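Participant: In my numbering, the protein residues as written are 5 to 631.
Yeah, the Cβ is synthetic: ideal placement off N, Cα and C, and Gly gets one too.
None of these values were measured; they are calculated from a predicted model.
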Amino acid sequence: MVDPYKRDRPAREPRGSWFREIRRRIMSRLLTFVLMWAVILLGVALVWFAFSPQAQAATQGALAPGDRVPNFLLLDHQGDAHELYYHTHVDAVVLMVQGNGCPIVRHALPRLQELQQQYAEQGVAFLLINSNPQDDRARVQAEAREFGIEIPVLLDDAQLVGQAMGFERTAEVFVIDTDGWRLRYRGALDDRVSYETQRPQAVNHYLVDALDAMLAGDPIARQQTEAEGCLVHFPKRELAPEDISYAEHIGPLIADNCVACHRPGGIGPFAFDDYRMVHGFAPMIREVVMTRRMPPWQADPHYGAFEEDNSLSRSEKQMLVDWIQAGARRGEGEDPLPAAVAQEWPEWPLGEPDLIVELPPFDVPATGVIAYQHPRVANPLDEDVWIRAVDFIPGDRAVVHHIIATLTGQEGQFGRLGILGDGLGGYVPGAQPVVFPENTGVFLRKNAEFLLQMHYTTSGRATTDVTRMGLYFADEPPQHELQSMTLLDPRIRIPAGERAHTESVRRTFQRDALIYNLLPHAHFRGRASEFRLITPDGNEEVLLSVPHYDFNWQHTYNLVEPKFVPAGSTIVHSTTWDNSPQNRANPDPDVEVRWGLQSWDEMLFGSIRYRYVDDPAEAGPELAREH
Ligand code: HEC
5 MVDPYKRDRP
15 AREPRGSWFR
25 EIRRRIMSRL
35 LTFVLMWAVI
45 LLGVALVWFA
55 FSPQAQAATQ
65 GALAPGDRVP
75 NFLLLDHQGD
85 AHELYYHTHV
95 DAVVLMVQGN
105 GCPIVRHALP
115 RLQELQQQYA
125 EQGVAFLLIN
135 SNPQDDRARV
145 QAEAREFGIE
155 IPVLLDDAQL
165 VGQAMGFERT
175 AEVFVIDTDG
185 WRLRYRGALD
195 DRVSYETQRP
205 QAVNHYLVDA
215 LDAMLAGDPI
225 ARQQTEAEGC
235 LVHFPKRELA
245 PEDISYAEHI
255 GPLIADNCVA
265 CHRPGGIGPF
275 AFDDYRMVHG
285 FAPMIREVVM
295 TRRMPPWQAD
305 PHYGAFEEDN
315 SLSRSEKQML
325 VDWIQAGARR
335 GEGEDPLPAA
345 VAQEWPEWPL
355 GEPDLIVELP
365 PFDVPATGVI
375 AYQHPRVANP
385 LDEDVWIRAV
395 DFIPGDRAVV
405 HHIIATLTGQ
415 EGQFGRLGIL
425 GDGLGGYVPG
435 AQPVVFPENT
445 GVFLRKNAEF
455 LLQMHYTTSG
465 RATTDVTRMG
475 LYFADEPPQH
485 ELQSMTLLDP
495 RIRIPAGERA
505 HTESVRRTFQ
515 RDALIYNLLP
525 HAHFRGRASE
535 FRLITPDGNE
545 EVLLSVPHYD
555 FNWQHTYNLV
565 EPKFVPAGST
575 IVHSTTWDNS
585 PQNRANPDPD
595 VEVRWGLQSW
605 DEMLFGSIRY
615 RYVDDPAEAG
625 PELAREH
């Protein structure tokens, strides 16, 4: 049976349907209208948000409680280096955003320093960080003196940390759990100080509550509060992230700064030979830039100017990180990297040497530790020559850790200590050929012997190394003989577990001299190193500071402007070692460490190349005036 009610039943027109129809239409128009405006307003809000200064930081990834805080390494206002992920010896790191001239910061500091004392025993480290574009080291030093700031103020001069963490206002505190590097709290220290008002006592102690809960293993009740303070200015970059082009900006930057090592056959562990490599390594590139690992350069830029300084400028770092944050996109244009890696990389960058000295072959086993080798090779020449440059080509780059070459009859042959001066030059991975300064040279007697110190490390496969040393002769005898000064002390004793143990050695120039370069040297426990000049009139000047010494990179620092030092000047060379377990390179934090050749022993060793200045006028008008 067919249901009569279902069949072709005309829709019953209810009473007053015209009224409903009109209402429906009005409602639908209204809805469209409201929706349209909602969309427009949302769009406007988004655009506004995207272009507001704080939002720029925020969209770069403002950290919320629970997020992982990326590692970074920054120098503080005294020039000391601090790496976030070093702090595994404490349970929490408290970071407060500092800014010169901000009243809220100034009022909050005494309380923060009180808390630092209070929580020191409980394993909490306190740091300040300044991302203000207007504050520099000298200004922060002045602020620290005036307001008694004892906590290191990390200078985030490229604003990379401020951007990554989403700083908005100074005086905001961040509590970082060192177990997993999670952010546990961000916001106000407490509610005592506000804009132009101060209560005698805080009612809410946000930071203390967060720390106490965290240390007790309890959940933190308030993980985020509104922080009051002065806005941190993140000025607009020259190029907005979306305008940074791989073909035009990033590729050339990598080609200029990275490809010399990161190419097939280079010393880098991989080659940046096209966009895909840069894209794949993008997060890692961001990390090595934020932790200052790459390009390898350890000198504090505050002191001196050095020829091989290959560090990225502030704006280069920002551009690289901005591009990575924005997705590391390829975009249009030709990829410059394939051509950059394909260029000729000559075996001897200075050209064919005048004399190639081949060292005796040495068998390096796959694993184990190899005592320093000290091969001696007779000079095959039958006439005296002046050497103007030296270069080394290791037979197997994977196993040659360093080479120091000197000649019989030169200073610095400490047979008993096993150390050779760097009379002729040296090689470390990544080193450039040693070219002696203009008008100087090293004299090679026809009956001399080459004395070498070879430090081999094993690489997991057995190999035989035959290293070649290339010598370049001067056409004319140079005006000056190059001298070396060695600053060493074999009596060092580094206590077990000590985080920062410093020792120093000093030597005095008996004659006027012109310093060309400085070489600090330590082993796995080396943490920082410095050369300080004290002139006879008592003036002190830092010639070189290496706040974050890295055993892997034994740079010789060549001064762009040679330094004139009057007779009677003293050089103080000091090294700080980190014998704690937090030093990731430390082979054994439980032993007292003394002088020794091997990397697990230590050295207080510095070397300076200079020449004597006999007539101040001859060293140029600049020097004569100083004289
Ligand atoms: C002087 C040579 C040299 C230069 C210049 C250089 N690198 Fe490296 N790079 C190396 C070496 C060697 C390693 C391996 C380090 C190690 O194993 O500890 C490395 C490793 C890396 C790593 C892997 C992470 C790590 O720490 O092992 C990245 C990423 C990197 N480099 C990026 C760069 C970028 C980006 C540049 C340019 C801005 C650059 N490098 C410039 C030699 C260099």
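(1) Would you check if there are 3 or more beta carbon pairs closer than 8 Å linking the segment 71 to 83 to the segment 293 to 312?
(2) Rounded to a whole number of angstroms, what is the C-alpha to C-alpha distance between residue 613 and residue 487?
(3) Do three or more CB pairs link the segment 538 to 545 to the segment 594 to 606 at distances below 8 Å?
(4) Taking the beta strand (DSSP E) that residue 530 belongs to, which residues open and close that run?
(5) Do residue 2 and the ligand HEC come close, with the Cβ less than 7 Å from some heavy atom?
(6) Distance check for residue 500 and residue 428, CA to CA, integer angstroms please.
(7) Output the distance between the C-alpha atoms of residue 108 and residue 259, rounded to the nearest integer angstrom.
(8) Do the CB positions of residue 122 and residue 241 come within less than 8 Å of each other?
(9) In the DSSP output, what is residue 173 paired with across the bridge?
(10) Quick one: does the C-beta of residue 543 sit closer than 7 Å to a heavy atom of the ligand ZN?
(11) Residue 572: which of 458, 512 and 580 sits nearest, CA to CA?
(12) Mapping the DSSP letters down to three states, classify residue 240 as helix, strand or coil.
(13) In whole angstroms, what is the alpha-carbon distance linking residue 156 and residue 82?
(14) Using the rule of at least 16 other Cβ atoms within 10 Å of the residue's Cβ for burial, across every protein chain shown, is residue 529 buried or exposed?
(15) For the ligand HEC, is there any heavy atom lying closer than 7 Å to the beta carbon of residue 261?
(16) Do you know offhand how far residue 292's Cα is from residue 188's?
(17) Is residue 416 helix, strand or coil by DSSP?
(18) Is residue 314 near the ligand HEC, in the sense that its beta carbon is under 7 Å from a heavy atom of that ligand?
(19) On a CA-only basis, which of 175, 338, 357 and 72 is nearest residue 115? Give me that one, please.
(20) Would you kindly work out how many angstroms separate the C-alpha atoms of residue 389 and residue 404, rounded to a whole number?
(21) Do three or more CB pairs link the segment 85 to 103 to the segment 574 to 592 at distances below 8 Å?
(22) Nearest to residue 287 by alpha carbon, out of 360, 554, 382 and 168?
(23) Could you please give me the residues that DSSP links to residue 429 through a beta bridge?
(24) Just tell me which of 475, 469 and 467 has its CA closest to the CA of residue 454.
(25) How would you label residue 349, buried or exposed, when you count the other beta carbons within 10 angstroms and need 16 or more for buried?
(26) What did DSSP end up calling residue 140 once you bin it into helix, strand or coil?
(27) Using a Cβ-Cβ cut-off of 7 Å (strictly less than) and excluding sequence neighbours within five positions of residue 311, which residues of its own chain qualify?
(28) Can you check which of these residues, 141, 556, 324 and 574, is closest to residue 300 by C-alpha distance?
(29) On a CA-only basis, which of 373, 283 and 394 is nearest residue 330? Give me that one, please.
(30) Near residue 229, which residues of its chain fall below 6 Å by C-beta distance, leaving aside the five closest residues on each side in sequence?
(31) Have a look at 609, 382, 491 and 137 and flag the residue whose alpha-carbon is nearest the alpha-carbon of residue 448.
(32) Taking the beta carbon of residue 378 as the centre, do at least 16 other beta carbons fall within 10 Å, making it buried, or is it exposed?
(33) With distance defined between alpha-carbon atoms, name the residue in 456, 290 and 392 nearest to residue 440.
(34) Looking at residue 267 and the ligand HEC, is the gap between the Cβ and the nearest heavy atom below 7 Å?
(35) Compute the distance between the beta-carbons of residue 459 and residue 376, then report whether it is under 8 Å.
Facilitator: Reading it off the structure:
(1) yes
(2) Counted from its first residue, the sequence shown places residue 613 at position 609. Counted from its first residue, the sequence shown places residue 487 at position 483. Distance between the alpha carbons of residue 613 and residue 487: 6 Å.
(3) no
(4) The count along the sequence shown starts at 1 and reaches residue 530 at position 526. Start and end: 530 to 538.
(5) Nothing in the structure corresponds to residue 2, since the chain is present only between 5 and 631.
(6) On the sequence shown, residue 428 is found 424 positions in, with the first residue counted as 1. On the sequence shown, residue 500 is found 496 positions in, with the first residue counted as 1. Rounded to whole angstroms, residue 428 to residue 500 spans 36 Å at the Cα level.
(7) Counted from its first residue, the sequence shown places residue 108 at position 104. Counted from its first residue, the sequence shown places residue 259 at position 255. Distance between the alpha carbons of residue 108 and residue 259 is about 45 Å.
(8) Looking up residue 122 in the sequence shown gives position 118. Looking up residue 241 in the sequence shown gives position 237. No, they are not a contact pair.
(9) Translated into the one-based positions of the sequence shown, residue 173 becomes position 169. According to DSSP, which records beta bridges pairwise, residue 173 is partnered with 235.
(10) The model on display carries the ligand HEC but not the ligand ZN.
(11) The residue given as residue 572 occupies position 568 in the sequence shown. Closest option to residue 572, Cα to Cα, is 512.
(12) Locating residue 240 in the sequence shown gives position 236, where the first residue counts as 1. DSSP places residue 240 in coil when its eight states are reduced to three.
(13) By one-based count along the sequence shown, residue 156 stands at place 152. By one-based count along the sequence shown, residue 82 stands at place 78. The alpha-carbon atoms of residue 156 and residue 82 are separated by roughly 8 Å.
(14) By one-based count along the sequence shown, residue 529 stands at place 525. Residue 529 is buried by the Cβ-count criterion.
(15) Residue mapping note: residue 261 aligns to position 257 of the sequence shown, counting from 1. Under cutoff, so the answer is yes.
(16) Sequence index remark: in the sequence shown, residue 292 carries index 288 (1-based). Sequence index remark: in the sequence shown, residue 188 carries index 184 (1-based). Going by C-alpha positions, residue 292 is about 25 Å away from residue 188.
(17) Here residue 416 is taken as the residue at index 412 of the sequence shown, counted from 1. Because the pLDDT of residue 416 is 44, which lies under 50, any placement of that residue in the model is unreliable, and the question is left without a value.
(18) What you label residue 314 is simply residue 310 of the sequence shown in a count that begins at 1. Because some heavy atom of the ligand HEC lies under 7 Å away, the Cβ of residue 314 counts as near it: yes.
(19) In the sequence shown, residue 115 corresponds to position 111, counting from 1. Checking every option, the nearest Cα to that of residue 115 belongs to 175.
(20) Counting from 1 along the sequence shown, the entry for residue 389 is found at position 385. Counting from 1 along the sequence shown, the entry for residue 404 is found at position 400. The straight-line gap from Cα to Cα measures roughly 28 Å.
(21) yes
(22) In the sequence shown, the residue the question calls residue 287 occupies position 283. Checking every option, the nearest Cα to that of residue 287 belongs to 168.
(23) In the sequence shown, the residue the question calls residue 429 occupies position 425. Looking at the DSSP assignment, residue 429 forms a beta bridge with 409.
(24) In the sequence shown, counting from the first residue as 1, residue 454 sits at position 450. Ranking the options by Cα distance to residue 454, first place goes to 475.
(25) If you number the sequence shown from 1, residue 349 lands on position 345. Exposed, by the Cβ-count rule.
(26) Here residue 140 is taken as the residue at index 136 of the sequence shown, counted from 1. Looking at residue 140 - three-state DSSP - the assignment turns out to be coil, as it is neither helix nor strand.
(27) In the sequence shown, residue 311 corresponds to position 307, counting from 1. Here the set comprises 562 and 564.
(28) Numbered from 1 along the sequence shown, position 296 holds the residue referred to as residue 300. Per the Cα distances, 556.
(29) Within the sequence shown, numbered from 1, the residue matching residue 330 stands at position 326. Out of 373, 283 and 394, 283 has the C-alpha closest to the C-alpha of residue 330.
(30) Stepping through the sequence shown from its first residue, residue 229 is reached at position 225. Answer for residue 229: 191, 192 and 210, listed in chain order.
(31) For this step, residue 448 is matched to residue 444 along the sequence shown. If we check each option's Cα against that of residue 448, 382 comes out closest.
(32) What you label residue 378 is simply residue 374 of the sequence shown in a count that begins at 1. Looking at its Cβ environment, which holds fewer than 16 other Cβ atoms inside 10 Å, residue 378 is exposed.
(33) The count along the sequence shown starts at 1 and reaches residue 440 at position 436. Considering only alpha carbons, the answer is 392.
(34) Along the sequence shown, one-based indexing puts residue 267 at 263. If you check the C-beta of residue 267 against the ligand HEC, you find no heavy atom less than 7 Å away.
(35) If you number the sequence shown from 1, residue 459 lands on position 455. If you number the sequence shown from 1, residue 376 lands on position 372. Taking 8 Å as the Cβ cut-off, residue 459 and residue 376 qualify as a contacting pair.
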